[in-house]
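In the UniProt record's numbering, the protein residues as written are 1 to 215.
The structure appears right after this line, and notes come after that.
See below:
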């Protein structure tokens, strides 16, 4: 099994346009039209077949989204960085630019004192897979991930969800400023740059997260 790299190691070596988001590296390329995107995907497919390592690709009319991680290792490995470098080179040859400002990954966190029981329920109702009673993931990697945060039992059970939005480190302050301008409030910067806690006008919390300080 290949060795998983720390997020800090990946950030130091990731090619331009790619960013660490959770357990993967991702990039969004602005292709401008479907035909260019299709040519890009075909070139990526050929490169992936050549090394027998395959990214998750989403082709839309104006863009191609690339997500790379080693499923057998559960994170980013040397082969992901190698393929990301190849993909970056292909994009350059086709005149396609990466748009890291469009990158984000959303998770929903739920406080619970009984993670195995709660994980089993949410995995069943969503059609997801429970991983170590902590993360509940879409097996196709397309939908929002759930993660369970250990908490104390409550005398009055209540639903305690919060949203995590992971963005590239240089986009966090832009996202925070936009949220504050839209009526939000700053709750805490105690754990930045790993995450900053905001709240909407009614007090519902959200964490703006980055890969920095999360090895």
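Virtual Cβ for every residue (Gly too), placed ideally from N, Cα, C.
Values in this document were obtained by computation on a predicted structure and should not be read as measured data.
Spell out the partners DSSP gives residue i in its beta bridges.
| i | result |
| --- | --- |
| residue 125 | DSSP lists no partner for residue 125. |
| residue 63 | 30 |
| residue 214 | Beta-bridge pairing links residue 214 to no other residue. |
| residue 20 | 25 |
| residue 97 | 30 |
| residue 105 | 166 |
| residue 58 | 65 |
Kindly indicate the opening and closing residues of the alpha helix (DSSP H) around residue i.
| i | result |
| --- | --- |
| residue 80 | 78-94 |
| residue 51 | 34-51 |
| residue 11 | 7-13 |
Pick out whichever of the options has its Cα sitting closest to the Cα of residue i.
| i | options | result |
| --- | --- | --- |
| residue 49 | 33, 87, 22, 12 | 87 |
| residue 191 | 181, 214, 30, 85 | 214 |
| residue 34 | 55, 13, 62 | 62 |
| residue 28 | 129, 99, 182 | 99 |
| residue 112 | 103, 106, 122 | 122 |
| residue 142 | 5, 66, 160 | 66 |
| residue 183 | 189, 176, 171, 200 | 200 |
| residue 15 | 46, 97, 52, 149 | 97 |
| residue 68 | 37, 5, 154 | 5 |
| residue 31 | 18, 94, 74 | 94 |
| residue 160 | 198, 109, 82 | 109 |
| residue 193 | 186, 179, 208 | 208 |
| residue 167 | 59, 154, 23 | 23 |
| residue 104 | 169, 119, 154 | 169 |
| residue 84 | 140, 13, 73, 124 | 13 |
| residue 124 | 107, 146, 106 | 146 |
| residue 55 | 195, 144, 185, 25 | 25 |
| residue 17 | 129, 120, 131, 92 | 92 |
Kindly indicate the opening and closing residues of the beta strand (DSSP E) around residue i.
| i | result |
| --- | --- |
| residue 26 | 24-30 |
Between which residues of its own chain and residue i is the CB-CB distance below 7 angstroms, once the five residues before and five after are set aside?
| i | result |
| --- | --- |
| residue 11 | 20, 211 |
| residue 186 | 180, 198 |
Considering only residues of the same chain and omitting the five flanking positions on each side of residue i, which have a CB-CB separation below 6 angstroms?
| i | result |
| --- | --- |
| residue 117 | none |
| residue 90 | 43 |
| residue 206 | 163, 198 |
| residue 188 | 197 |
Residues in its own chain within less than 8 angstroms of residue i by CB, not counting five upstream and five downstream?
| i | result |
| --- | --- |
| residue 115 | 133, 134, 148, 150 |
| residue 70 | 2, 4, 53, 76, 77, 79, 80 |
| residue 217 | Shown here, the chain extends from 1 to 215; a query on residue 217 therefore has no answer. |
Alpha helix (DSSP H) runs contained entirely in the UniProt domain "Glyoxalase-like" (108-209), provided each spans 4 or more residues: 115-126, 172-181
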